[in-house]
Amino acid sequence: MKKITLIYFSPTKTTETVLRAITQGLARSLEISGSEITAVNFTRPESRSTVLAPFDHNDIVLLGAPVYAGRVPADAANFFKNLTASNTPAILTVVYGNREYDDALLELKDIASVCGFIPVSGAAFIGEHSFASTDIPIAMNRPDENDLKQAEDFGNNTGKLLKKTKDLKKIAALKVPGTFPYKEGMGKGAPDFIEVTDACTNCGTCATVCPSKAIDPENGFATIAADCILCCACIKACPEQARLMKDGPIKDKARWLNETCSTPKPAQVFFAAEP
Ligand SMILES: Cc1cc2nc3c(=O)[nH]c(=O)nc-3n(C[C@H](O)[C@H](O)[C@H](O)COP(=O)(O)O)c2cc1C
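Quick note: the sequence shown uses UniProt numbering, first residue 1, plus one each step.
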């Protein structure tokens with residue numbers, strides 16, 4: 001196995017950060033050099049028209065997505081479903097904001113299996129909640145140093161498992177938490193929950209980072225509620241902090257999460273049993 005490919009959806013970059021740390025541990029364990037590592041970030045809508053070449057036994061693929069309402073976000077699930085693989089080991093990661101990951105890791109495993117991957121390990125890591133802000137700091141600054149060390153260890157241990165496994169087809173199926181039928185997940189659209197303040201300089205960063213083309217440059221960079229997936233990438237990326245969460249149901253939810261899910265959760269990792 002010579003090539004590592006990371007494939008991820010990550011509007012506020014916590015999933016990306018975790019996947020890169022896992023990759024470091026994996027590459028070290030398998031002595032794979034940086035030139036054999038490719039990252040496919042399909043967060044931007046235009047990147048989702050790319051069709052990736054099929055993966056084979058020379059590949060190791062990391063699939064990563066945040067958890068939205070206990071599920072893999074629809075844009076991510078739809079992209080993953082178009083991948084094809086044959087006898088390719090997959091490392092599955094979901095990143096969630098310290099509430100629960102519910103059925104997301106199971107869903108990712110099921111998608112990967114249908115594509116032809118062999119899921120060898122899976123993990124759920126904590127990332128700063130998309131709805132977090134300095135005054136509502138849900139899982140603020142996660143993944144932290146300790147999370148990233150665990151992510152590297154997870155990659156390293158997956159590498160060790162792959163080295164020991166002579167025939168991937170004989171590996172016992174990976175078991176992860178979750179139930180099928182999955183939770184209902186997100187509906188379409190969002191409430192009108194973002195205010196653009198006078199601090200906006202029309203730089204357009206918000207529109208550049210939006211994964212769902214939900215920002216209208218012709219209308220003061222206002223959010224198009226029907227297209228918004230609530231990811232808050234625009235709020236977090238604004239160099240002027242000109243985008244704020246309005247009072248309303250999303251801010252109330254953020255406050256609730258901050259009160260209810262304040263005890264920091266550790267990462268959870270799972271490995272397929274050796275043959
Ligand atoms: C619409 C939406 C739904 C979310 N649902 C959950 C959830 O069910 N459980 C949870 O713990 N975190 C949830 N989160 C938080 C994200 O999973 C978390 O912030 C993650 O780190 C974001 O990943 P990213 O930085 O790669 O975008 C949700 C975030 C959004 C925007």
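A virtual CB, placed ideally from N, CA and C, is assigned to each residue, including glycine.
Bounds of the beta strand (DSSP E) holding residue 195 are 194–196. Within the same chain, Cβ atoms closer than 7 angstroms to the Cβ of residue 99 are found at 257 and 261, the five residues on either side in sequence being excluded. Per the C-alpha coordinates, the member of 60, 92, 43 and 93 positioned closest to residue 79 is 43. Between the C-alpha atoms of residue 23 and residue 40 there is a straight-line separation of about 13 angstroms. Note that the C-beta distance between residue 21 and residue 67 is not below 8 angstroms. Straight through space, the alpha carbons of residue 119 and residue 231 are spaced by roughly 27 angstroms. The closest heavy atom of ligand 1 lies 7 angstroms or more from the beta carbon of residue 87. Per DSSP, residue 54 lies in no alpha helix (DSSP H) and is assigned neither H nor E. Of the candidates 3, 87 and 54, 87 places its Cα closest to the Cα of residue 170. Under the three-state reduction of DSSP, residue 78 is assigned to helix.
Distance from the Cα of residue 114 is smallest, within the candidate group 84, 91 and 137, for 84. Between ligand 1 and residue 248, a heavy atom-to-CB distance of less than 7 angstroms is absent. Under DSSP, residue 271 takes part in a beta bridge, and its partners are 121.
Looking at the backbone, the Cα of residue 263 and that of residue 148 are separated by about 18 angstroms.
Residue 121 has its alpha-carbon roughly 4 angstroms from the corresponding atom of residue 271. Out of 36, 96, 31 and 27, the CA that lies nearest to the CA of residue 9 is found in 96. Taken atom to atom, the span from the alpha-carbon of residue 177 to that of residue 267 is near 13 angstroms. Of all alpha-carbon atoms in 6, 247 and 30, the one lying nearest the alpha-carbon of residue 191 is that of 247.
The region 126–136 makes no contact with the region 194–202: fewer than 3 CB pairs, one atom from each, lie closer than 8 angstroms.
Of all alpha-carbon atoms in 216, 221 and 185, the one lying nearest the alpha-carbon of residue 69 is that of 185. Under a 10 Å Cβ-count criterion, residue 51 is classified as exposed, with fewer than 16 other Cβ atoms of the shown protein chains found around its own Cβ. For ligand 1, a non-hydrogen atom lies closer than 7 angstroms to the CB of residue 12.
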